[in-house]
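Notes to accompany the following structure.
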Amino acid sequence: MRFSVATISLPTLDIGESIAEITAAGFGGVEWRVEPRPGSIPDAQPAHPFLVDHRSTLPLDVAAAESAAAETRAAGLEVVGLAPYVEVGDIATLRLTCDMAAAAGTGQIRLQAPRISRTNKPYSVLYAETVAFFADVEATAKETGVRALLEIHHNTICSSASLAHRVVARFDPAHVGVIYDVGNFVFEGYEAHEIALDLLGDHLGHVHLKNAAHFRSPGGAWRPGWTPLEDGEVDVPHVLGLLHEHGYRGWVSVEDMSLDRTPRAALRHNAAQLREWGLLH
Numbered sequence: 009m010r011f012s013v014a015t016i017s018l019p020t021l022d023i024g025e026s027i028a029e030i031t032a033a034g035f036g037g038v039e040w041r042v043e044p045r046p047g048s049i050p051d052a053q054p055a056h057p058f059l060v061d062h063r064s065t066l067p068l069d070v071a072a073a074e075s076a077a078a079e080t081r082a083a084g085l086e087v088v089g090l091a092p093y094v095e096v097g098d099i100a101t102l103r104l105t106c107d108m109a110a111a112a113g114t115g116q117i118r119l120q121a122p123r124i125s126r127t128n129k130p131y132s133v134l135y136a137e138t139v140a141f142f143a144d145v146e147a148t149a150k151e152t153g154v155r156a157l158l159e160i161h162h163n164t165i166c167s168s169a170s171l172a173h174r175v176v177a178r179f180d181p182a183h184v185g186v187i188y189d190v191g192n193f194v195f196e197g198y199e200a201h202e203i204a205l206d207l208l209g210d211h212l213g214h215v216h217l218k219n220a221a222h223f224r225s226p227g228g229a230w231r232p233g234w235t236p237l238e239d240g241e242v243d244v245p246h247v248l249g250l251l252h253e254h255g256y257r258g259w260v261s262v263e264d265m266s267l268d269r270t271p272r273a274a275l276r277h278n279a280a281q282l283r284e285w286g287l288l289h
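The sequence shown lines up with residues 9 to 289 when you count with our numbering.
Below is the structure:
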């Protein structure tokens, strides 16, 4: 496995600063966040402060992606993938982000499933719409040579490995896969990793690495929140060991959403922690 950084975790750094810091920390690649199409995320309030005024983000523009990729590679880093925001049914943005990835010379883009909280539609309707859209996703991915990866994410209709597999199972894993996000499982969707990884099989395309834990609120309820890599409920070395046993040799993007440190300090801390675990060399 090789380690990269997802720039969603670097909101205060611009493109050049992110490249410099990721290189200095010793990571090998970058997964670039791509800005959402205006109005495409109808949340009254952002789910996380990192989503506001994010500077380490590429615009929805093919030339910009090509330029950022050239700058990334000039620093000795690989462009691991792009992380856009493509709503189910938005074929135009899907095609644009695949063209961006092809221009950037990267083999994958991130996709997310719809959220019941945003649509007020039942699961059965959203599932049918998602499967229909992924037929277009598969065709576009095949045409552009870019693999489309469905991220397992809480508060979506694909919050677990089995729910994600239910969508992607009918599609060719050469063109459609899944992002296994180990931190998101603390919020929702945890299944035994041994079962989940065996179920996903060849559809496992990428890994997001972050951690979280449950905290008791003043009212007494337990709620999940982001933590540093070593402090949460995910046994990171164990999970990465299971991925290795299952034959995963791809990229792991560190996507630390915790607020214990500044993004720059967290990046350096995570590199040191991975080295302490003997994972980053």
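Built from N, CA and C at the ideal position, the CB exists for glycine as well.
Keep in mind it's a predicted model, so treat the numbers as computed, not measured.
Any idea if residue i is buried or exposed, counting beta-carbon neighbours within 10 angstroms, 16 or more meaning buried?
i: Pro271; result: buried
i: Asp264; result: buried
i: Ala274; result: buried
i: Ala234; result: For the record, residue 234 in the displayed sequence is Trp; it is not Ala. Label assigned to Trp234: buried.
i: Asp189; result: buried
i: Gly153; result: exposed
i: Val87; result: buried
i: Ile203; result: exposed
i: Phe223; result: exposed
i: Ala14; result: buried
i: Ala73; result: buried
On a Cα-Cα basis, can you pick out the residue from the options that is closest to residue i?
i: Leu85; options: Arg103, Ala72, Ala112, Asp61; result: Ala112
i: Gly240; options: Ala221, Leu251, Arg231, Pro232; result: Ala221
i: Ser12; options: Glu39, Leu21, Thr101, Ile203; result: Glu39
i: Asp107; options: Thr80, His62, Leu207, Leu68; result: Leu68
i: Gly197; options: Asn163, Leu207, Ala182, Ala143; result: Asn163
i: Ala182; options: Ile203, Gln116, His201, Leu205; result: Gln116
i: Ala200; options: Val215, Pro236, Glu151, Leu250; result: Leu250
i: Gln120; options: Thr127, Pro54, Ser75, Leu157; result: Leu157
i: Ile16; options: Val242, Met9, Phe58; result: Phe58
i: Trp259; options: Thr101, Ser225, Ser75, Thr114; result: Thr114
Cα separation between residue i and residue j?
i: Ala32; j: His211; result: 32 angstroms
i: Lys129; j: Leu66; result: 31 angstroms
i: Thr80; j: Pro245; result: 28 angstroms
i: Ala169; j: Val184; result: 14 angstroms
i: Ala83; j: Tyr256; result: 26 angstroms
i: Gly34; j: Ile165; result: 36 angstroms
i: Arg10; j: Pro44; result: 27 angstroms
i: Glu253; j: Gly286; result: 16 angstroms
i: Glu284; j: Glu146; result: 40 angstroms
Indicate whether at least one CB of chain B lies closer than 8 angstroms to the CB of residue i.
i: Ala204; result: Of the protein chains in the structure, only one exists, and it is not chain B.
Hey, could you find the ends of the alpha helix (DSSP H) residue i is sitting in?
i: Gly24; result: 23-33
i: Leu287; result: That residue, Leu287, is in no alpha helix (DSSP H); it is neither H nor E in DSSP.
i: Asp206; result: 201-208
i: Val133; result: 131-152
i: Val190; result: Neither: Val190 is in no alpha helix (DSSP H) and is coded neither H nor E.
i: Thr127; result: 124-127
i: Arg118; result: Per DSSP, Arg118 belongs to no alpha helix (DSSP H); it is in the beta strand (DSSP E), 116-120.
State the start and end residues of the unbroken beta strand (DSSP E) segment that holds residue i.
i: His252; result: Looking at the DSSP string, His252 is not in any beta strand (DSSP E); the run it does join, the alpha helix (DSSP H), is 244-253.
i: Arg10; result: 10-14
Inset, instruction - Can you check the region 49-110 for any alpha helix (DSSP H) of at least 4 residues that lies completely inside it and give the ranges in chain order? - result: 70-82
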